[in-house]
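Structure first, then comments.
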Amino acid sequence: MSQQIDILSQITACLPSLREAEKKVANLIFDDIDFVAEASIGEIARRAEVSDATVTRFARAVDCRNVRDLKTRLTRALAAGRRFIQEASEDDGLGVIYDTAAQTLALNRTLMEQADVEGAVAMLDDARQILVFGAGGGSTVMAQEMQFRLVRLGYAISAYPQALLPRMVAATLEPSDVVVALSVTGYTPEINEAAELAREYGARVLAITATGSPLAKIADITLPLAARETDYIYFPSSSRYAMMAAIDMLALGLALRHRSRTRDKLRRLKITLDAHRGGDNRQPLGIENPGAPMSHDLLIRRASLIDGSGREPFIADVAIDGDRIVAIGDLGHPDARETIEAQGLVLTPGFIDVHTHDDTNVIRTPQMLPKLSQGVTTVVVGNCGISASPVRLSGEVPDPMNLLGRAEDFRYPTFAAYAEAIEQAQPSVNVAALIGHTSLRSQVMDRFDRAASDPEIAAMREQLETALAEGALGMSSGLAYRNAYHAPTAEMNTLVETVGRAGGVYTTHLRDEFAGLPEAMDEAFATARHGRAPLVISHLKCAGAGNWGNAPKALSKLDDAARAHGVHCDCYPYTAGSSTLDLGQVTDEIDIFITWSDPHPEMARQPLKTIAEQWGLSLMDAARRLQPAGAVYHNMSEADMRQVLAHPLSMVGSDGLPNDPHPHPRLWGAFPRVLAHYSRDLKLLPLTEAVRKMTGLSAANFGLTDRGEIRVGAFADLVLFDLDALEDTATYTTPIAQASGIELVIVNGVIGYRQGKASEPRAGRLLRRQVRLSARPSRPGS
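Residue numbers (this note's numbering): 3 to 784.
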């Protein structure tokens with residue numbers, strides 16, 4: 003046998019006979035095949051907690067020549083696709099079949115050109131004989147279906163679904179004959195060879211196949227075929243539905259070319275069938291009202307579409323049924339429950355705020371107006387090492403977890419409990435969640451000013467594993483904060499390994515954003531590489547007056563790291579940050595504005611310098627008296643911020659603090675500010691790139707399946723805005739203010755915001771992690 007047996011099947015078959023230590027290697031492969039396929043013998047042994055010799059012995063036990071052969075065969079198994087290795091998310095039974103069929107038909111409807119269909123119909127109608135070639139499951143059935151459809155219209159047609167017969171028949175053809183070649187991919191050798199032979203003998207070839215495929219290049223006319231394939235492998239390719247629709251179009255076209263003849267033949271056929279069946283007017287041969295327009299739940303007409311991919315805008319209609327986009331293009335005038343005339347307006351995917359602290363607000367204030375009013379349809383919570391789960395608190399809330407709420411707001415001991423609370427609250431926006439490292443520490447450690455012990459790390463790892471299995475996206479850290487600052491490399495490596503094994507993402511508020519920024523970035527890169535998890539650096543900045551002008555160096559480090567690993571960052575479009583009042587950031591070099599203070603609420607909403615003067619204290623002593631408190635730090639340069647915002651690896655995240663009584667204006671204005679001020683007015687980056695940074699790029703980096711793009715089959719998360727009128731109106735003085743120019747926000751197919759007002763019902767959902775994220779380089783070969 004020339005082909006080796008699949009290595010994963012081989013390991014499964016050998017498993018009962020393996021030694022206990024060897025079984026640990028097998029389990030590691032099943033848990034993290036990517037790691038084993040790339041790691042050294044020593045790395046595999048350490049992760050599996052066995053000796054190097056055991057790894058070598060295991061390779062031989064599963065019929066590999068050595069460990070290198072084992073890794074080669076694992077790589078080959080990966081090449082077949084992860085969907086054949088890892089379990090896909092559960093789909094909604096029968097519903098997923100109908101949904102996939104509808105989405106596939108809608109997608110292919112936009113690809114089909116009327117001129118191509120008319121040319122194909124004319125070619126078939128003029129043929130001496132029609133021969134249909136198809137090989138494989140769907141193409142075989144469709145070849146026979148086409149024969150049945152055209153025979154009843156009086157055409158001389160034969161189907162050849164076997165491998166050898168098409169080539170034999172092709173050698174007998176004449177120039178007046180037509181071959182219809184069916185192939186989803188266009189790469190089936192038997193079909194392509196037969197079609198090419200038919201062309202050599204002068205016959206014409208009509209292909210129903212993928213655009214640009216080898217078969218399409220052979221054909222005289224191609225009717226394009228595309229399928230929206232998913233990771234759910236338990237039912238056949240949805241391309242069958244598209245192929246049958248193309249055949250139906252050809253049959254309908256031929257029938258309409260000879261209406262009188264068609265009626266005569268179909269009437270005779272109907273009489274014969276009724277006589278055989280013993281009844282009348284049953285199983286009709288036609289369809290009811292074939293000219294009736296399609297009906298949709300929502301139709302947006304003539305908008306300027308920016309689809310989230312970075313491509314140029316184009317004018318199109320968008321049709322929505324349920325929670326999905328089902329058609330895009332010039333859709334004519336179909337019926338719809340509601341039609342939005344959008345001429346002169348811009349339609350984009352709903353914005354994804356990748357950096358929020360809305361963890362408890364999506365439950366306590368589910369209207370989420372600060373986000374919905376600026377076009378945000380999805381928020382990623384759990385950033386900077388702080389999350390609402392898995393946490394239960396009874397005493398004082400540790401800093402900076404107090405940014406999320408009071409002790410009574412932390413009542414979700416598991417991620418599952420948090421997810422259930424979100425589903426019951428049904429916020430107006432979608433919610434995807436990270437697990438905070440500081441939050442994990444708060445549940446297992448008696449104090450934070452030390453490294454976690456081995457048992458404490460094990461307990462955190464167990465909680466993290468459970469949360470990841472229940473749908474959390476990954477883990478965040480906030481190593482700059484005092485309650486995480488003492489976490490050493492060993493503690494972080496273990497937890498990020500857990501994230502990498504689960505296919506999650508690691509995000510980090512760096513240990514130092516000031517003079518120690520380069521070293522802090524190196525630490526983050528090393529931790530992510532060790533854990534084999536993709537990395538997102540939170541709100542990348544060069545903070546502190548002494549650090550201004552260093553953005554080019556920081557971005558160069560980001561680029562270098564991205565050539566070997568998956569690395570991105572997020573950024574907000576302001577030169578001031580906001581957080582709890584941190585003594586480490588108190589200086590007279592920048593302006594510091596106090597937004598709240600627990601012991602002295604009367605001193606809030608004024609500069610720290612003013613408070614210190616009133617009290618006759620130094621800035622540092624005044625800050626100590628105010629704690630715990632919140633502050634806005636004007637600690638960045640405009641030039642640095644612009645460079646980070648425009649960089650291709652950066653995404654947009656607001657980092658807004660919704661529980662601050664006088665919040666930073668980014669809470670209400672970050673996304674319109676990028677689009678209006680920095681793209682439209684300053685031309686810092688093209689509008690298509692600005693949109694990509696808050697939609698398609700964000701969805702890809704956080705594994706938000708079918709979000710962040712306008713395409714057939716994607717969830718209908720959309721925002722419609724007037725670019726000329728778009729403005730962020732929130733300021734440092736008046737930070738609570740809705741943006742202007744946002745006309746419409748749609749979440750999961752439901753209008754949630756219209757011309758300045760939120761509407762019911764709320765349609766947001768919890769977005770559980772459904773895909774395994776890869777740590778492959780973000781900028782390979784650059």
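We treat Cβ as the ideally placed atom computed from N, Cα and C, and that holds for glycine. Please read all numbers here as calculations on a predicted model, not as lab measurements.
Taken through DSSP and simplified to helix, strand or coil, MET494 comes out as helix.
Under the DSSP assignment, THR612 falls outside any beta strand (DSSP E), being part of the alpha helix (DSSP H) whose first and last residues are 610 to 617. By the neighbour-count criterion, in which a residue is buried when 16 or more other Cβ atoms sit within 10 angstroms of its Cβ, ASP451 is exposed. Around the beta carbon of SER11, fewer than 16 other beta carbons lie within 10 angstroms, which makes this residue exposed. Under the three-pair Cβ rule at 8 Å, the stretch 436 to 444 counts as touching the stretch 382 to 394. Counting other Cβ atoms within 10 Å of its Cβ, TYR574 reaches 16 or more and is therefore classed as buried. Residue pairing of ASN432 in beta bridges, as defined by DSSP: THR380. In the DSSP assignment, GLU340 falls within the unbroken beta strand (DSSP E) covering 337 to 343. The stretch 709 to 716 and the stretch 358 to 369 do not touch, with fewer than three beta-carbon pairs separated by less than 8 Å. For THR440, the uninterrupted alpha helix (DSSP H) segment begins and ends at 439 to 446. According to DSSP, GLY480 shares a beta bridge with HIS511. Measuring C-alpha to C-alpha distances from ASP299 to each of ARG339, ARG265 and SER311 identifies ARG339 as the nearest. The Cβ-Cβ distance between LEU347 and ALA305 falls below 7 Å.
Within 10 angstroms of the beta-carbon of ASP683 lie fewer than 16 other beta-carbons, which makes it exposed. In its chain, beyond the 5 residues on either side, THR690 have a beta carbon closer than 7 Å to the beta carbon of GLU314.
Between the beta-carbon of ALA137 and that of MET148 there is about 14 Å, and that puts the pair past the 8 Å contact cut.
Residue pairing by DSSP leaves LYS73 without any beta bridge partner.
Burial of GLY480 is indicated by the presence of at least 16 other C-beta atoms within 10 angstroms of its C-beta.
According to the DSSP assignment, GLY44 belongs to no beta strand (DSSP E) but to the alpha helix (DSSP H) extending over 43 to 50. Taken through DSSP and simplified to helix, strand or coil, LEU199 comes out as helix. For the pair ASP355 and GLY671, the CB atoms are not nearer than the 7 Å cut-off. With at least 16 other beta carbons inside 10 angstroms of its own, PHE417 counts as buried. Only residues of its own chain outside the window of five on either side were considered, and among them ARG774 and LEU775 have a CB closer than 6 Å to the CB of GLY505, listed in chain order.
Judged by DSSP in its simplified three-state form, MET653 adopts strand.
Each residue's CA atom was taken as its position, placing LEU720 and LEU374 some 11 Å apart. Going by DSSP, PRO400 is part of no beta strand (DSSP E) at all; its letter is neither H nor E. When secondary structure is reduced to three states using DSSP, SER455 falls in the coil class, being assigned neither helix nor strand. Assignment of alpha helix (DSSP H) within the stretch 107 to 179, counting only whole runs of 4 or more residues, yields 116 to 127, 139 to 153 and 167 to 172 in chain order.
Comparing alpha-carbon positions, the option among ILE31, GLY377 and ILE223 lying closest to GLY743 turns out to be GLY377.
Excluding its 5 nearest sequence neighbours in each direction, ALA63 has C-beta neighbours in its own chain below 7 Å: CYS16, LEU20 and GLU24, listed in chain order. MET144 places its beta carbon less than 7 Å from that of LEU184.
Here VAL64 carries a coil assignment [DSSP, helix/strand/coil]. At the C-beta level, ASP360 and ARG259 stay beyond 7 Å of one another. Annotation: the continuous beta strand (DSSP E) that includes THR350 extends over 348 to 351. The closest CA to that of VAL134, considering only LEU208, ASP730, ARG413 and ASP662, is found on LEU208.
Taking the Cα of ASP448 as reference, the smallest distance to any Cα among SER430, ARG413, GLU398 and GLN428 is reached at GLU398.
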